[in-house]
Amino acid sequence: MLQGLAFYILATIAVVSGLLVVTARSPVHSVLWLILTFFSAAGLFVLLGAEFLAMLLVVVYVGAVAVLFLFVVMMLDVDFVRLREGYARYLPLAGIVAIILLAEMIMVSLAVVQGGAASAALAPAALPEGVSNTQSIGRVLYTDYIYFFQAAGIVLLVAMIGAIVLTLRKRDGVLRQDLAAQANRRRVDAVEIKSATTGAGVKPEELL
Amino acid sequence: MTDLSSALQLAAPEVTLAVGGLVLLMIGAFAGEKATRLVSGLSVLLLLVATALTVTGPLGLAFGGTYIADPLSVYGKALIFLSSAVAIILGDGWMHRNKIAKFEYPVLIVLASVGMGMMASSGDLISLYIGIEMHSLALYVLAAYRRDSLVASEAGLKYFVLGALSSGILLYGASLIYGFAGSMKFDEIAAFASNNPGPGLIFGMVFLIAGLAFKVSAAPFHMWTPDVYQGAPTPVVALFATAPKVAAMILIARVLIDGFNLAHFQWAQVIILISLISFAVGAFGGLMQKDIQRLLAYSSIINIGYALLGVAAGTELGVQAMLMFMTLYVIDQFGFFAVLLSLSRNGRPIRNISDLAGLKQDRPVTAIALTILSLSAVGIPPLSGFWGKFYVFGAAADAGYWMAGVAGLVASVVAAFYYLRLIKMMWFDAPATEVKTDKAPLEAQWIAWAAAAFAFPVVIVALAWLEPLTKAAAAGVGVG
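Line by line, the protein sequences give chains A and B.
With the numbering used here, letter number 207 in the first sequence gets 393, and the count goes up by one each step, no holes.
With the numbering used here, letter number 268 in the second sequence gets 252, and the count goes up by one each step, no holes.
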């Protein structure tokens, strides 16, 4: 009963805030709604008994990705009013695509209702006693799924190399920290004693 | 851990490439831009070693059936790795001539080859997806490699955004398939599909096909192709047109024939439709093009239509025809792009078809090479392009799709117009300018000549050993 109530509350919030992500006028508001969507989805994961995935969703998506989005949206100088200009023009076509997708999803759901989905025999096996789902993910991640795990690592590496290739520029005249030079600097190189005449003072230009 | 050690032996080509790629990255990162030539040379060597490992390595299943080493994957990987090596050779000279050399170029191609190798030997929806993402990410970056150029950035961005969309569609399809079949492995999906595929699984399959069709630039998922071919650097486009297409074609053949064996009737309809639309778009879209690389984009769309026709047949003969077609097509494409790389006036590459006017006086050998390549693309017997089409149409007719084969023939007659226009420009038109073409870079010139020599007459000899090779590669892959 309580679980059912929690499901409906979380699911409603997720759907409504998902809708608001696309319709919100300000992109910053969109990102905030997105964070709420992620949070509700994490709640749904907890209801399914997948606490680890729920925490991952919060830590990775809310903590890192959404905050990064927020930074990007705030820092980029994009004219969002102009970006929305085509909204009314593309609405009919987008509406048709959306309706087709909706019809397809309904057909797929009907197929599920008719018992076409994976049978109960294929449902995930219950966890053995005394093993949390974090542990059970850890057990297969580096054994059964080592191939995918390593390959996904290479995908991330390629993304990193790509970001560097496309954005790193060598500029002339950029000062860089040189630890050896800093440590080897002696007092005589850096400090000079000049005598100032009494009463006249020293002008800053004379010191250079 | 004998399980892991045997798996590593089976996956030796990918492991070698991945580890080698990391080492080369370190060499480049510490030695800086000076080491670009060294890294390029070592990358080519690495790809050759990986090819040798592929050809000599053991066959079998690894990582619980998610990695397949069979004759099909061996043949595909050899072709993919060698194509990548040629793209590195073409790209290295090009980078240095344009003074934008970076050691990341060969490293990215090596890592893309790891992904393409994964695609060629994937036996599971996850390795399918990871392989696709790994090579696409590298290709997005390579498309925008000339980051100061507006068209190149546009090409990279367009490719990236549309690629992300197609990955989303593919993932949606994969999740539907997993939801209904209860497994991601192709053989288990096939076992489920054999009793009653049901609408859910078919939906998933159609979405999966749509995602994959994007990767091979088959119409109606071809929108990105002309812009990317036009904007991206020529050696990168030479790569786009070859290795990734081979990898994706093998993947399509494997997932559809292995995974949806008994749903052949359902998927063959979709594939035939896609190839018919590709014929139309490729043949008529190319007629009005002025830019040679855009023209080649439309030519690639129509050619992918032919290759898909081989897959649609679903028989061993069809897969063999597809492999044969792709092999000959890859060599032809390298010829075209090498010719483009070897032609320039005053340091500016020749990009417009009208710039080819009167090439026969200036560069007779290159003009002959381009003529042979064009005639081969038209499909004049006994040039290599003819043999590719011959096998594909034969397989399609054998499987009862002779109507689609006829449509393909009509499309190739229409497409002949734009290849013949190239030939007319070179041989019969007066040169537009007095400016002579620059001295051609050696590597592009030799690759162009070699590809043309292969298209005719070497192909007639080569067919004698290509035929049994592709037959062996396709053995056992077919709708049963």
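We put the CB at the ideal spot given by N, CA and C, even for glycine.
Bear in mind the structure is a predicted one, so any value in this text is a computation, not a measurement.
Three Cβ pairs or more, each shorter than 8 angstroms: is that satisfied between the stretch 252 to 259 of chain B and the stretch 272 to 281 of chain B?
no
Under a Cβ-count criterion, where at least 16 other Cβ atoms within 10 Å of its own Cβ denotes burial, should isoleucine 350(A) be classed as buried or exposed?
exposed
Which of the three DSSP states, helix, strand or coil, is assigned to serine 295(A)?
helix
Kindly indicate which three-state DSSP category leucine 45(B) falls into: helix, strand or coil?
strand
Just confirm the distance between the C-beta atoms of leucine 293(B) and tyrosine 385(B), as a whole number of angstroms; I'd bet it's less than 8 angstroms.
7 angstroms
Is the beta carbon of leucine 185(B) closer than 8 angstroms to that of isoleucine 236(B)?
no
Would you tell me roughly how many angstroms separate the C-alpha atoms of methionine -15(B) and alanine -9(B), rounded to the nearest one?
Residue placement at methionine -15(B) is poorly supported in this model, since its pLDDT is 46, which falls under 50; the coordinates are not used for a value here.
Can you name the residues of chain A whose CB is closer than 8 angstroms to the CB of serine 111(B)?
Tyr333, Phe334, Ala337
So who's on the other strand from tyrosine 51(B), going by DSSP bridges?
Ala46(B), Ser106(B)
Since serine 111(B) contacts methionine 102(B) with CB under 8 angstroms, what's their CB separation in whole angstroms?
The Cβ separation is near 6 angstroms, so the contact holds.
Please classify methionine 187(A) as buried or exposed, where buried requires at least 16 neighbouring CB atoms within 10 angstroms.
With fewer than 16 other Cβ atoms inside 10 Å of its own Cβ, methionine 187(A) counts as exposed.
Min CB distance methionine 293(A) to chain B below 8 angstroms
Taking Cβ atoms only, chain B reaches closer than 8 angstroms to methionine 293(A), which makes this a yes.
Counting beta carbon pairs with one atom in the stretch 73 to 92 of chain B and one in the stretch 15 to 28 of chain B, are three or more of them shorter than 8 angstroms?
Yes: at least three Cβ pairs fall under 8 angstroms.
Which parts of the stretch 305 to 374 of chain B are runs of the alpha helix (DSSP H), unbroken and 4 residues or longer, counting only runs that do not cross its ends?
Fully enclosed alpha helix (DSSP H) runs of 4 or longer: 343 to 346, 348 to 362.
Within 8 angstroms (strictly less), CB to CB, does alanine 468(B) reach chain A?
Nothing can be reported for residue 468(B), as the shown portion of chain B is limited to -15 through 464.
DSSP on aspartate 76(B), reduced to helix/strand/coil?
helix
Distance, glutamate 451(B) Cα to isoleucine 234(B) Cα:
17 angstroms
In this structure, how does DSSP classify lysine 61(B) when only helix, strand and coil are distinguished?
helix
Chain A beta carbons: is any one of them nearer than 8 angstroms to that of arginine 130(B)?
no
Tell me where the alpha helix (DSSP H) around arginine 130(B) begins and ends.
Arginine 130(B) -> no alpha helix (DSSP H), and no H or E assigned at all.
Using a Cβ-based criterion (distance less than 7 angstroms to any ligand heavy atom), does glycine 163(B) qualify as near the ligand ADP?
This structure lacks the ligand ADP; in fact it carries no ligand of any kind.
Which of helix, strand or coil does DSSP assign to methionine 18(B)?
It should be pointed out that residue 18(B) corresponds to lysine in this sequence rather than to methionine. Lysine 18(B): helix per DSSP, three-state reduction.
Contact set for alanine 203(B): own chain, Cβ-Cβ below 8 angstroms, skip 5 residues either direction
Ile258, Ile261, Ser262, Ala264, Val265, Gly266, Ile285, Gly289
State the Cα-Cα distance for the pair alanine 424(B) and threonine 329(A), rounded to the nearest angstrom.
53 angstroms
Under 8 angstroms: do the stretch 73 to 83 of chain B and the stretch 242 to 256 of chain B share three or more Cβ pairs, one atom per stretch?
In short, these stretches do not touch, since the Cβ pair count stays below three.
Using the beta-carbon count (16 or more within 10 Å), is phenylalanine 412(B) buried or exposed?
Burial call: exposed.
Chain-ordered chain A contacts of lysine 86(B) [CB-CB under 9 angstroms]:
The contacting residues are Val351.
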